[in-house]
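Enquirer: Sharing a structure here in structure tokens format.
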Amino acid sequence: MDNKHHCQTTAAQLKDLMLSNGCSVIALGNGTGCRRFENFLLNYKKSGYFNPIDVKYKIINESGVSYYSVTNEAKASLPHFHEQMIGAISIARRLIDPLSELVKVDPKRLQVGMYMKDIDQNDVKRAFHEVAVECVSFCGVDVNVAS
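Set out below in structure tokens:
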């Protein structure tokens with residue numbers, strides 16, 4: 001977000017999108033450019049540019065999003081969108097309902113540590129399944145979003 005004209009254009013587009021969709025919260029993926037975009041948002045928010053919108057944002061962990069967005073499941077779920085847009089939608093959905101989004105991702109793709117590949121993958125699958133079952137049992141299931 002270095003070019004001033006580009007920043008102003010982006011801010012105007014963002015404000016228009018937020019106003020037309022009744023949105024005030026941004027799910028910001030923690031990947032490349034995250035902090036740069038965060039600074040952009042904060043500067044425009046401080047200046048009052050987004051008024052009357054009280055813009056808020058949350059930085060969301062992107063682990064596994066790029067892998068999920070190219071799967072057949074993702075493409076079937078969102079057939080009219082390309083992979084980058086599917087990834088953005090998945091990040092936004094993680095803000096709304098993290099559990100429903102995270103269970104779609106292969107546990108090996110969640111990048112939980114340097115030595116995860118050294119662990120028996122069947123043990124990882126089994127442990128992930130047990131934790132997912134516990135979380136779903138604890139949180140409950142919304143049959144309208146179950147897949």
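In full-length UniProt numbering, the protein residues as written are 1 to 147.
Using N, Cα and C, we set each Cβ at its ideal position, and we do this for glycine too.
Note that the structure is predicted; figures quoted are calculated from it, not measured.
Which whole-angstrom value describes the C-beta separation of LYS104 and TYR68, a residue pair presumed to lie in contact below a C-beta threshold of 8 Å?
Expert: That pair is a contact at about 6 Å.
Enquirer: For the structure I just gave you, are there three or more beta carbon pairs, one from the stretch 18-32 and one from the stretch 44-59, closer than 8 Å?
Expert: Flag = yes, the stretch 18-32 and the stretch 44-59 touch.
Enquirer: Tell me which residue opens and which closes the beta strand (DSSP E) that LYS58 is part of.
Expert: From DSSP, the beta strand (DSSP E) with LYS58 extends over 56-60.
Enquirer: Could you tell me the distance, in whole angstroms, from the CA atom of ASP97 to the CA atom of GLN8?
Expert: Cα to Cα, the separation comes out at about 32 Å.
Enquirer: What would DSSP say about LEU28, mapped onto helix, strand or coil?
Expert: Strand at LEU28.
Enquirer: Per DSSP, what kind of secondary structure is THR9 in: helix, strand or coil?
Expert: Correct three-state label for THR9: helix.
Enquirer: Could you tell me which of ALA76, LEU28 and LYS46 sits nearest to GLU38, measuring between CA atoms?
Expert: Looking at the Cα atoms, LEU28 is the closest of the given residues.
Enquirer: Expressed to the nearest angstrom, what Euclidean distance is found between the alpha-carbon atoms of ASN122 and GLY64?
Expert: Each residue's alpha carbon lies about 19 Å from the other.
Enquirer: For GLU130, is the classification buried or exposed, using 16 other Cβ atoms within 10 angstroms of its Cβ as the cut-off for buried?
Expert: Per the 10 Å Cβ criterion, exposed.
Enquirer: Using 10 angstroms around the beta-carbon of ARG94, count the other beta-carbons present and answer buried if the total reaches 16, otherwise exposed.
Expert: Answer is buried; the Cβ neighbour count reaches 16.
Enquirer: Residue range of the alpha helix (DSSP H) that LEU95 falls in?
Expert: Counting along the chain, the alpha helix (DSSP H) containing LEU95 begins and ends at 83-96.
Enquirer: Would you say CYS23 touches the ligand NAP, meaning its beta carbon is less than 7 Å from a heavy atom?
Expert: Only the bare structure without any ligand can be found here, which leaves the ligand NAP out of the picture.
Enquirer: In terms of residues, what are the limits of the alpha helix (DSSP H) holding CYS139?
Expert: 121-139 is the span of the alpha helix (DSSP H), which, as asked, contains CYS139.
Enquirer: So, are the CB atoms of VAL133 and PRO107 less than 8 Å apart?
Expert: In this structure, PRO107 does not lie closer than 8 Å to VAL133 by Cβ.
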